[in-house]
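This report refers to the structure that appears directly beneath it.
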Amino acid sequence: MERIEGNIESLLINKVANVEVDTETKLSLLKREKVEKPVIYLGAGTCGLGAGAGKTLESIKSYLNTNSIDAEIVEVGCIGLCAAEPIVDIQLPDHNRVSFSKVTSEKVDSLMDSIFNLELPEEIDVQYQFPIDQNRSWEGVTTFSEHPYFKNQMRIVLQNCGSVNPVSIDEYIAIGGYTSYLSTINTFNSEEVCDMVEKSGLRGRGGGGFTTGAKWKFALNTPAEQKYLICNADEGDPGAFMDRAIIEGDPHRLLEGMMIAAFGIGATKSYVYIRAEYPLAIERLDIAIKQAREYGLLGKDIFGSGIDFDIKVKMGAGAFVCGEETALIKSVEGKRGMPIPRPPFPAVKGLFGKPTIINNVETLSCLREIIPHGVDSFSSIGTAKSKGTKVFALSGKVTLTGLVEVPMGTTIRQVIFDIAGGIPNNKKFKSVQIGGPSGGCITEENLDIEVDYDSLISIGAMMGSGGLVVMDEDTCMVDVAKFFMDFIQRESCGKCIPCREGTRRMLEILESITHKPINAAQNEALERFKGVTQLEKLGRVIKETSLCGLGQTAPNPVLSTLHWFRNEYEEHIFDRKCRANVCTELRTFTIDVDKCTGCTICAKKCPTDAIIGSRKQPHFVVDDKCISCGTCFDVCKFDSIVIS
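Heads up, the sequence shown is in the working numbering, so the first residue is 58 and it goes up one at a time.
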């Protein structure tokens with residue numbers, strides 16, 4: 058490898074457009090420390106577009122055109138506060154950038170009228186401002202770092218998401234982008250990079266938590282004429298959307314991380330394996346790769362160093378099993394995505410039979426911070442065995458849904474209650490499912506558990522990719538287990554019998570205890586109880602005998618909910634009741650005779666003729682005929698239907 062001649066920062070900056078201005082002015086403009094005309098930033102990630110950002114964008118363009126205002130519109134990714142979308146930031150010359158939430162299309166005119174008159178609108182919530190030296194502040198508006206949602210976070214992976222233009226390599230370079238990679242290949246050799254990453258304590262953020270640097274060394278020390286790096290962006294867990302948001306908001310950070318990782322293991326070719334259901338992420342990733350190639354950061358003889366490296370995007374068909382390493386490799390090769398036994402591990406024999414390292418998006422996005430700031434900087438964050446930060450996707454029954462990045466060691470209670478605002482509508486917290494279908498649930502008694510790989514495993518949960526699905530008192534844990542088991546059963550590749558047949562049987566058992574048999578055979582009750590007694594044993598067998606990691610963790614949602622919420626299972630089995638009234642087939646409907654007027658509407662609408670009674674006389678429900686569909690409850694105008 059040859060040394061790169063010249064100052065690395067200068068070499069990169071010279072690649073940036075607008076070379077007719079001096080470097081300092083150029084960087085200031087690209088960092089948007091100063092703006093020459095109004096800049097309007099619109100949160101245009103998938104969550105923003107889902108909340109109506111597309112219509113908001115059209116209204117903004119219409120307003121600017123109608124009022125002949127020369128302003129720049131920048132579509133940014135998600136800043137993490139998904140609950141506040143569509144988010145619009147406005148930066149006027151000599152003023153701080155200020156952010157507004159839930160700016161739907163009909164609110165645009167009011168917002169613009171106020172801001173261009175240097176006033177804050179009364180009917181639109183202002184969230185925060187980004188303070189910049191020598192710029193004017195907006196009075197009474199908190200800063201971004203002091204906003205309740207962000208002040209307890211530590212944004213490393215997410216630090217640029219929602220603030221920079223994701224399809225501008227110039228902006229990324231202006232804030233120091235790609236200097237880490239070029240400094241790495243100019244200063245260290247591959248073995249030294251692996252050592253640094255290992256000493257930093259970085260562990261894989263995709264689920265298993267294996268030490269990243271140690272994993273790299275297997276590939277580095279395996280002789281081969283070709284080695285590969287694969288970025289696993291096949292995010293398939295229900296409730297997880299971290300990888301998508303990172304790529305949509307800051308794709309160049311991922312590319313730089315891949316470049317560092319590839320150098321560390323000696324790879325010259327790499328793939329980003331991403332599900333086709335992420336069209337916006339794919340679009341922005343393609344643009345970023347094209348820009349990096351145009352700037353000489355990808356391709357042959359990068360910056361005269363003698364190093365070759367390139368990246369290709371491979372779209373997956375959305376199969377959950379392709380999140381498993383060996384199945385993913387088969388899919389990249391153009392074959393059916395099915396796991397194969399290990400060893401040999403992919404680091405020794407992977408893609409096309411060559412040494413291959415697979416890391417997920419978040420793991421690779423951490424690398425830019427480790428090399429330039431030193432090992433100690435990263436390893437000083439977190440706990441003794443879990444270093445750095447972790448990104449979580451918060452969804453479910455929580456006040457502020459979105460992305461949260463916190464230091465390892467932060468408690469689950471802090472994430473849910475201090476950052477995300479707790480449970481809405483004064484409901485009681487019940488549980489949080491962490492790690493998706495392969496994870497487990499955390500109950501109130503374990504809310505103070507730290508975000509730490511080993512701590513979570515000790516209570517039957519796991520970090521997984523980082524999805525946090527919060528549940529309140531109105532959630533049925535048996536129904537939650539059934540939901541995840543249905544997902545796992547449908548997504549099983551079917552290669553091994555324990556996963557294919559075992560998960561199907563577990564789902565059948567769960568379905569049997571969440572419905573009320575009508576005219577059942579005499580032996581059905583016995584079969585039902587027998588099946589339930591087999592749940593735990595069946596789960597253990599599946600864990601011990603399945604071929605791949607996905608199969609081995611498939612029973613976790615059932616085993617976890619059985620452990621912590623056995624009383625709910627017993628209620629479903631023995632009392633045939635669901636305390637949350639979620640399992641509709643277990644609901645019991647009665648009629649309050651004091652409220653019933655005998656209007657007969659419920660009797661006419663009942664699909665099984667389970668309601669009897671004379672006109673203008675109280676009606677009654679025949680339990681043996683009732684299928685608990687709830688039609689009577691929906692059509693009753695006198696609130697006389699009682700659900701129990």
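C-beta: ideal position from N, C-alpha, C; glycine also.
Quiz item: Quick one: what does DSSP say M702 is sitting in, helix, strand or coil?
Solution: With the chain covering only 58 through 701, there is no way to say anything about residue 702.
Quiz item: DSSP state of Q283, grouped into three classes?
Solution: Walking along the sequence shown from the start, residue 283 turns up at place 226. Here Q283 sits in coil by DSSP.
Practice problem: Please name the residue, chosen from V448, E601, D367, E129, that lies closest to G353 on a Cα-to-Cα basis. | Solution: Against the sequence shown, residue 353 aligns to sequence position 296. Closest by alpha carbon: D367.
Quiz prompt | 6 Å Cβ shell around M519 - same chain, five flanking residues per side excluded | solution = Counting from one through the sequence shown, the residue named residue 519 turns up at place 462. Here the set comprises G492, G496, L513.
Quiz item: Based on the DSSP secondary-structure assignment, which residues constitute the bridge partners of N503?
Solution: Position 446 of the sequence shown, counted from the start, is the residue given in the question as residue 503. In DSSP, N503 forms no bridge with anything.
Quiz item: Nearest CA to the CA of E292: which residue from S257, P308, Y330?
Solution: On the sequence shown, position 235 is the one that residue 292 refers to. Of the candidates S257, P308, Y330, the one whose C-alpha sits nearest the C-alpha of E292 is Y330.
Exercise. Use the C-beta contact count for R672: other C-beta atoms within 10 angstroms, 16 or more gives buried, fewer gives exposed.
Key: Position 615 of the sequence shown, counted from the first residue, corresponds to residue 672. Burial call: exposed.
Quiz item: When the distance is taken between beta carbons, is S156 closer than 8 Å to I146?
Solution: Against the sequence shown, residue 146 aligns to sequence position 89. Against the sequence shown, residue 156 aligns to sequence position 99. The sequence as given places Asp at residue 146; Ile does not occur at that position. Yes. Within cutoff.
Quiz item: By DSSP, does M528 sit in helix, in strand, or in coil?
Solution: Looking up residue 528 in the sequence shown gives position 471. DSSP places M528 in strand when its eight states are reduced to three.
Quiz item: Do you know whose CA, among C640, V598, T532, lies nearest I570's CA?
Solution: Taking the first residue of the sequence shown as position 1, residue 570 is located at position 513. Checked all of C640, V598, T532; the closest Cα to I570 is C640.
Quiz item: Mapping DSSP to helix, strand and coil, what is I144?
Solution: By one-based count along the sequence shown, residue 144 stands at place 87. It is coil, neither helix nor strand.
Quiz prompt | Opening and closing residue of the alpha helix (DSSP H) in which Q210 lies | solution = On the sequence shown, residue 210 is found 153 positions in, with the first residue counted as 1. No alpha helix (DSSP H) holds Q210; DSSP gives it neither H nor E.
Quiz item: How would you write the range of the beta strand (DSSP E) that F435 sits in, first residue to last?
Solution: Locating residue 435 in the sequence shown gives position 378, where the first residue counts as 1. Unbroken run through F435 is the alpha helix (DSSP H), 432-436; no beta strand (DSSP E).
Quiz prompt | Sequence-distant residues of its chain with Cβ nearer than 7 Å to P188 (five each side left out) | solution = Taking the sequence shown and counting its residues from 1, one reaches residue 188 at position 131. The residues are N153, S194, T200.
Exercise. For L592, collect the residues of the same chain with a Cβ closer than 7 Å to its Cβ; drop the 5 residues on either side in sequence, then sort them by chain order.
Key: Start at 1 with the first residue of the sequence shown, and residue 592 comes out as number 535. M563, I566, V615, L619.
Practice problem: Could you spell out where the beta strand (DSSP E) holding V405 opens and where it closes? | Solution: Indexing the sequence shown from 1 puts residue 405 at position 348. Per DSSP, V405 belongs to no beta strand (DSSP E) and is neither H nor E.
Self-check item: 3 or more residues per run - each beta strand (DSSP E) lying fully within the region 247-274
Solution: none
Self-check item: Exposure label - V537; buried when at least 16 CB within 10 Å
Solution: As a position in the sequence shown, residue 537 is number 480, starting the count at 1. Classification of V537: buried, given that the 10 Å Cβ count is 16 or more.
Quiz item: How many Å lie between R341 and H309 at the Cα?
Solution: Position 284 of the sequence shown holds residue 341. Position 252 of the sequence shown holds residue 309. Approximately 9 Å, taken between the alpha carbons.
Quiz prompt | Length of the line joining the Cα atoms of I344 and R260 | solution = Here the question's residue 344 lines up with position 287 in the sequence shown. Here the question's residue 260 lines up with position 203 in the sequence shown. Distance between the alpha carbons of I344 and R260: 29 Å.
Quiz item: Buried or exposed: P398, going by 16 or more other Cβ atoms within 10 Å of its Cβ?
Solution: Walking along the sequence shown from the start, residue 398 turns up at place 341. Label assigned to P398: exposed.
Quiz item: CA-CA distance, S162 and T657?
Solution: Start at 1 with the first residue of the sequence shown, and residue 162 comes out as number 105. Start at 1 with the first residue of the sequence shown, and residue 657 comes out as number 600. Cα to Cα, S162 sits roughly 45 Å from T657.
Quiz item: So which of E313, R332, K487, G466 has the shortest CA-CA distance to Y229?
Solution: As a position in the sequence shown, residue 229 is number 172, starting the count at 1. It is E313.
Quiz item: Excluding the five sequence neighbours on either side, which residues of its own chain have a C-beta within less than 7 Å of the C-beta of N192, listed in chain order?
Solution: For the purposes of this step, residue 192 is taken as residue 135 along the sequence shown, with counting starting at 1. Cβ within range, chain order: D151, H152, N153.
Quiz item: With DSSP run on the structure shown, which of helix, strand or coil describes S549?
Solution: Here the question's residue 549 lines up with position 492 in the sequence shown. Looking at S549 - three-state DSSP - the assignment turns out to be coil, as it is neither helix nor strand.
Quiz item: By how many angstroms is the C-alpha of E558 removed from the C-alpha of I144?
Solution: Here residue 144 refers to the residue found at position 87 when the sequence shown is read from its first residue. Here residue 558 refers to the residue found at position 501 when the sequence shown is read from its first residue. Between I144 and E558, the C-alpha separation is close to 46 Å.
Quiz item: To the nearest angstrom, how far is it from the Cα of L84 to the Cα of T236?
Solution: To locate residue 84, count along the sequence shown from 1; it is residue 27. To locate residue 236, count along the sequence shown from 1; it is residue 179. Going from the Cα of L84 to the Cα of T236 covers about 14 Å.
Exercise. For I630, I'd like the list of residues in its chain whose CB is within less than 8 Å of its CB, leaving aside the five on either flank, ordered along the chain.
Key: Numbered from its first residue, the sequence shown carries residue 630 at position 573. Closer than 8 Å at the Cβ level, and outside the excluded window around I630, lie I570, R585, F586, V589.
Quiz item: Is the Cβ-Cβ distance between I457 and G439 less than 8 Å?
Solution: Taking the first residue of the sequence shown as position 1, residue 457 is located at position 400. Taking the first residue of the sequence shown as position 1, residue 439 is located at position 382. It is Leu, not Ile, that sits at residue 457 in the sequence shown. No.
Quiz item: Taking C-alpha atoms, which residue in G266, D680, S116, G234 lies nearest to S443?
Solution: Numbered from its first residue, the sequence shown carries residue 443 at position 386. S443 has its Cα closest to that of G266, out of G266, D680, S116, G234.
Practice problem: With a floor of 3 residues, list each beta strand (DSSP E) that falls wholly inside the region 157-232, ordered by position along the chain. | Solution: 183-187
Quiz item: Are F646 and V678 close, meaning C-beta to C-beta below 8 Å?
Solution: As a first step, residue 646 must be located in the sequence shown, where it is residue number 589. As a first step, residue 678 must be located in the sequence shown, where it is residue number 621. Cβ atoms of F646 and V678: closer than 8 Å.
Quiz prompt | Coil, strand or helix - D367 by DSSP | solution = Position 310 of the sequence shown, counted from the first residue, corresponds to residue 367. If DSSP states are grouped into helix, strand and coil, D367 belongs with the strands.
Quiz item: Straight-line CA distance for G687 to L286?
Solution: On the sequence shown, residue 687 is found 630 positions in, with the first residue counted as 1. On the sequence shown, residue 286 is found 229 positions in, with the first residue counted as 1. Their Cα atoms are separated by approximately 54 Å.
Quiz prompt | Buried or exposed by the 16-neighbour rule on C-beta atoms within 10 Å, applied to R623 | solution = As a working note, residue 623 is residue 566 in the sequence shown. With fewer than 16 Cβ atoms within 10 Å of its Cβ, R623 is classed as exposed.
Quiz prompt | Nearest residue (CA-CA) to Y123, options C104, G102, D166 | solution = On the sequence shown, position 66 is the one that residue 123 refers to. In the sequence as displayed, the identity of residue 123 is Thr instead of Tyr. The option with the nearest alpha carbon to T123 is D166.
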